[in-house]
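Novice:
Protein chains in written order, with this note's numbering: chain A, 1 to 171; chain B, 1 to 139.
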């Protein structure tokens, strides 16, 4: 039995539509098509080796970090709590919605909204994807941006706590 | 260990159509759209460019790698580093697409406020990062 249309992941639809655009260009303006395709090959050759490194880093992160492991360490106090939330956010893997139930559970157990926001913000810093970021922007840029984002995440968490819970911030 | 690498391989394989599609799209856009277009849209104004970058990043969604590819090509087309940084940060911190799920599970007030703050912070992070890079002489 053939694969049903609804079983095909959405990402394949995107690729399919882009390929249609390429097919149109092929017939409309072949010389432009060659130019565009060579541009594509240039980028592909540049990023393909990096993905081998990404695969290794993703495997190691998946192996070493689990939601249970993070949950054990998110219960620290004071500065330690912020530190573990930042590290937890950076090390967490998988789609963001996978973490919502865990965070909701932690919220019920008393984890502040600010800490949840901080965790979610730091998910933006992905160690396995750093090689790709280095390739495009250089390690100095990525280093500075990552540090600024970590500080911003804590600041955002404190601000969010203050807005939601009033002047004191902590609830 | 094998299970962890198997999951990583599967995850990469699942995102590969998206990444290949993005590279194909970026290649087409880069060749077909003249550089002058970007200089018209991104005026060179620090505030306007960072706001625009953050706005475009906020309404976009997907794997961060996609944003790197777009951001890298934006830079090569002459878009300012501040605008590209705001775009990159908003892409990964603001989640309009996930807003309904986030609201349902963590509360609407929290979800709306967090996303709004992330949008504003994308601009602040971009300004501060580029300022630091300039002070250090790294750009």
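Ideal Cβ positions, reconstructed from N, Cα and C, are used throughout, including at glycine. All figures in this text were calculated on a predicted structure; none of them were measured in a lab.
Taking CB distances under 8 Å as the criterion, tell me whether residue 78/A reaches chain B.
Specialist: Closer than 8 Å: no.
Novice: Tell me whether residue 15/A sits in a helix, a strand or coil according to DSSP, three-state version.
Specialist: DSSP places residue 15/A in helix when its eight states are reduced to three.
Novice: Between the Cα of residue 63/B and those of 6/B, 41/B, 17/B and 136/B, spot the shortest distance and give me the residue it belongs to.
Specialist: Comparing Cα positions, the closest option is 17/B.
Novice: Using the three-state DSSP reduction, which class does residue 170/A fall into: helix, strand or coil?
Specialist: For residue 170/A, the pLDDT reaches just 49, beneath the cut-off of 50, and the residue's location in the model is therefore unreliable, although a value from the coordinates is still provided. In the structure shown, residue 170/A sits in coil (DSSP, three-state: anything other than H, G, I, E or B).
Novice: Measure how close the beta-carbons of residue 71/B and residue 84/B come, nearest whole angstrom, since I'm counting them as under 8 Å.
Specialist: With a Cβ gap of about 5 Å, residue 71/B and residue 84/B count as contacting.
Novice: What residues of chain B sit near residue 127/A, judged by a beta carbon separation below 9 Å?
Specialist: Near residue 127/A there are no residues of chain B at all, since even the closest Cβ is about 12 Å away, more than 9 Å.
Novice: Is there at least one Cβ from chain A nearer than 8 Å to residue 66/B's Cβ?
Specialist: It does not; no Cβ of chain A falls within 8 Å.
Novice: Going along the chain, which residues of the segment 68-99 of chain B sit with their C-beta nearer than 9 Å to a C-beta in chain A?
Specialist: Listed in sequence order: 68, 69, 71, 72, 73, 75, 81, 84, 85, 88, 89, 91, 92, 93, 95 and 98.
Novice: Since residue 133/A meets chain B, which of its residues come closer than 7 Å, beta carbon to beta carbon?
Specialist: Per Cβ cutoff of 7 Å: 68.
Novice: Please report whether the beta-carbon of residue 21/A lies at a distance below 8 Å from any beta-carbon of chain B.
Specialist: True, the Cβ-Cβ gap to chain B drops below 8 Å.
Novice: Provide the residue span of the alpha helix (DSSP H) that contains residue 85/B, from first to last.
Specialist: Segment 81-93, the alpha helix (DSSP H) holding residue 85/B.
Novice: Which residues in the same chain have their Cβ closer than 7 Å to the Cβ of residue 50/B, if we skip the five residues on either side of it in sequence?
Specialist: Same-chain partners within the cutoff: 82, 83, 86, 123, 126 and 127.
Novice: So is residue 28/A in contact with chain B if we call contact Cβ pairs under 8 Å?
Specialist: No, residue 28/A lies away from the interface with chain B (no Cβ there is under 8 Å from its Cβ).
Novice: Scan the segment 145-163 of chain A for residues whose Cβ lies nearer than 7 Å to a Cβ of chain B and list them as they occur along the chain.
Specialist: The residues in question are 145, 148, 149, 152, 156, 159, 160 and 163.
Novice: Enumerate in chain order the residues of its own chain whose CB-to-CB distance from residue 103/B is below 6 Å, with the five nearest sequence positions on each side excluded.
Specialist: Excluding positions up to five away in sequence, the list reads 111.
Novice: Is the segment 154-162 of chain A close to the segment 110-120 of chain A, with three or more CB pairs under 8 Å?
Specialist: As far as the Cβ criterion goes, the segment 154-162 of chain A touches the segment 110-120 of chain A, which means the pair count is three or higher.
Novice: Under 9 Å Cβ-Cβ, which residues of chain B neighbour residue 116/A?
Specialist: Result: 106, 110 and 114.
Novice: What is the residue span of the alpha helix (DSSP H) that residue 128/A lies within?
Specialist: No alpha helix (DSSP H) holds residue 128/A; DSSP gives it neither H nor E.
Novice: Which bits of chain B does residue 12/A rub up against, with CB to CB less than 7 Å?
Specialist: The answer, in chain order, is 17.
Novice: Have a look at residue 15/A and residue 165/A and give me their C-alpha separation to the nearest angstrom.
Specialist: Approximately 45 Å between the Cα atoms of the pair.
Novice: Enumerate in chain order the residues of its own chain whose CB-to-CB distance from residue 58/A is below 8 Å, with the five nearest sequence positions on each side excluded.
Specialist: Cβ neighbours of residue 58/A beyond the five flanking positions: 93 and 128.
Novice: Residue 123/B CB to nearest chain A CB: under 8 Å?
Specialist: No, because no Cβ of chain A sits closer than 8 Å to the Cβ of residue 123/B.
Novice: Is there a Cβ from chain B that is less than 8 Å from the Cβ of residue 113/A?
Specialist: Yes, contact with chain B.
Novice: Show which residues of chain A have a CB atom less than 8 Å away from the CB atom of residue 132/B.
Specialist: 144 and 148, listed in chain order.
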